[in-house]
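The listed protein sequences correspond, in order, to chains A and B. Mapping of the first sequence onto full-length UniProt numbering: position 123 corresponds to residue 123, and the numbering continues sequentially without gaps. Mapping of the second sequence onto full-length UniProt numbering: position 147 corresponds to residue 147, and the numbering continues sequentially without gaps. Cβ atoms here follow ideal geometry from the backbone N, Cα and C, with glycine treated the same way. Please read these numbers as outputs of a predicted model, since none were measured by experiment. To start, the structure under review is shown below, and the notes come after it.
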Amino acid sequence: MELSEYVQKGFQMLGDPGCFDPSAFMLLLRAAFQSLLDAQADEAVLDHPDLKHIDPVVLKHCHAAAATCILEAGKQRADKSTLSTCLEDCKFDRERIELFCTEYQNNKNSLEILLGSIGRSLPHITDVSWRLEYQIKTSQLHKMYRPAYLVTLNVENTDSGSHPGISFSCNMEQLQDLVGKLKDASKSLERATQL
Amino acid sequence: MLLDLSEEHKEHLAFLPQVDSAVVAEFGRIAVEFLRRGSNPKIYEGAARKLNVSSDTVQHGVEGLTYLLTESSKLMISELDFQDSVFVLGFSEELNRLLLQLYLDNRKEIRSILSELAPELPSYHSLEWRLDVQLASRSLRQQIKPAVTIKLHLNQNGDPTTKVLQTDPSTLLHLVQQLEQALEEMRTNHCRRVVRNIK
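Shown next, in the form of structure tokens:
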């Protein structure tokens, strides 16, 4: 796992007991994870009284370094040994390496979910609603008497959040065709997962 | 139910008894063709020359016939009602029979053309699907994320459109379940009763 010089410098400071005593280290570490993973993270996450004695520039540098490293590790799906090696190179002592790895392990799932949700994808169907009606007449045609379905697919877009949804009408044969094809897809899916 | 024919309409149709029944049959064919594909004024001119009348007269005759056929088809009037409605025009028996035959022969097709005029939402045409597994993205490597990509073919006013969408396996199962319930509804007693009784 490659870390930039900026990040390495930040870590060297973070690993230095002279700069960060044990409690400050833990606080900064937790703050880094929190600002990445907590959607409502406070901007004042570094405003803890136990961090007040440290130069704010240093705090920001180390916070940024930690966050960058965490994201990179998450993206690469780094295992414990990769992380340890990396931190060793930044002059972390054994204890701090353990603490970092434990904290990383605790937050690994949330981190992966977060990273996995970033990115463009096709509009995503989230739900379907339907309406069955019996058509009797229109302005152009009287005495119709036929059933019809109105189907609306609820769709979400990663870019614009919501989407009005896609609506279409169909008769019974068409709906049977639609359901048949979707069932084929889900059977294929079942078979694929059993391979 | 009788057709209500306006004076102007009756005037236009008054041209029909003045020509052969073969010509009336031909007008009938032209009328349905125009309903299918839109009108073509050149046909009026050709016919007008052959019959030695103005092309306006021919046009009114064909349009009158068209209106007669579409109104009858729209309301789905019975044979008897059609005959009674046409009776007021004072045509010969032969002409009346010809008109009735034109109506009965073309009613189904005319109704299907008229049904395309109703306010419409896009209608379902077909669906294609594909199973995908996302393996990695810029922000996360080593993934196994199954997805179903769907290409939905719809028709709106005759124009085909397609939408490409995606869903995950559990939503797919949910969709199938919901839509199967929708299909089941038609078989319930309630729906059967409605279909039976509203005719």
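query, result
"Check whether A/Ser-186 and B/Val-176 have beta carbons under 9 Å apart", "yes"
"Against chain B: residues of the region 117-129 of chain A by CB proximity under 7 Å", "Ile-118, Gly-119, Ser-121, Leu-122, Pro-123, His-124, Ile-125, Thr-126 and Val-128"
"Below-9 Å beta-carbon distance, A/Gly-74 vs any chain B residue", "yes"
"Three-pair Cβ contact test at 8 Å for the region 125-137 of chain A versus the region 84-100 of chain B", "no"
"Short CB-CB distance (under 9 Å) between B/Ala-31 and chain A", "no"
"A/Gln-174, DSSP secondary structure in three states", "helix"
"Inter-residue spacing [alpha-carbon to alpha-carbon] between A/Asp-93 and A/Ser-23", "15 Å"
"Exposure of B/Thr-66, with buried meaning 16 or more beta-carbon neighbours within 10 Å", "buried"
"Bridge partner(s) assigned by DSSP for B/Asp-132", "B/Ala-147"
"Simplified DSSP state of A/Asp-93, which is helix, strand or coil", "coil"
"Selected residue, minimal CA-CA separation from B/Ser-73, among B/Leu-131, B/Pro-41 and B/Arg-107", "B/Arg-107"
"CA-to-CA distance, B/Gln-178 to residue 204 of chain A, given in whole angstroms", "In the structure as shown, chain A starts at 1 and stops at 195, and residue 204 of chain A therefore has no counterpart that could be examined."
"Straight-line gap, A/Asn-157 to A/Asp-127 (C-alpha atoms, nearest Å)", "13 Å"
"DSSP state of A/Asp-42 mapped onto helix, strand, coil", "coil"
"Whole-angstrom distance between B/Leu-100 and A/Lys-143, CA atom to CA atom", "20 Å"
"Residues in the region 168-195 of chain B having any Cβ partner in chain A nearer than 9 Å", "Asp-168, Pro-169, Thr-171, Leu-172, Leu-173, His-174, Leu-175, Val-176, Gln-178, Leu-179, Glu-180, Gln-181, Ala-182, Leu-183, Glu-185, Met-186, Cys-191, Val-194 and Val-195"
"Residue range of the unbroken alpha helix (DSSP H) whose run includes B/Ala-22", "21-37"
"Whole-angstrom distance between B/Leu-154 and B/Thr-188, CA atom to CA atom", "28 Å"
"Outcome for B/Phe-87 when other beta-carbon atoms lying within 10 angstroms are tallied against a minimum of 16", "exposed"
"For A/Tyr-145, three-class secondary structure by DSSP", "coil"
"Min CB distance B/Pro-160 to chain A below 9 Å", "no"
"Contact set for B/Leu-152: own chain, Cβ-Cβ below 7 Å, skip 5 residues either direction", "Leu-127, Thr-162, Lys-163 and Leu-165"
"Backbone CA spacing between A/Phe-20 and A/Thr-68 [nearest angstrom]", "19 Å"
"Simplified DSSP state of B/Lys-163, which is helix, strand or coil", "strand"
"CB-CB length for A/Ile-113 against A/Val-155, believed under 8 Å", "Actually they are not in contact, since the Cβ atoms of A/Ile-113 and A/Val-155 sit about 22 Å apart, beyond 8 Å."
"DSSP three-state assignment for A/Phe-11, whether helix, strand or coil", "helix"
"Within-9 Å CB hit, A/Tyr-134 to chain B", "yes"
"Buried or exposed (CB count within 10 angstroms, at least 16 for buried), B/Lys-42", "exposed"
"Proximity to B/Pro-119 [Cα-Cα], best of A/Asp-50, A/Ser-169 and A/Phe-25", "A/Ser-169"
"Residue-chain proximity (A/Pro-164, chain B), Cβ-Cβ < 9 Å", "no"
"Minimum Cβ-Cβ distance from A/Pro-147 to chain B less than 9 Å", "yes"
"B/Arg-192 - containing alpha helix (DSSP H), residue span", "189-197"
"Closer than 9 Å to chain A by CB, B/Ser-39", "no"
"Whether B/Leu-117 touches A/Gln-176 by CB criterion (9 Å)", "no"
"DSSP-derived helix/strand/coil call for A/Thr-126", "strand"
"Buried versus exposed call for A/Ile-118 [16 or more other C-beta atoms within 10 Å across all chains shown]", "exposed"
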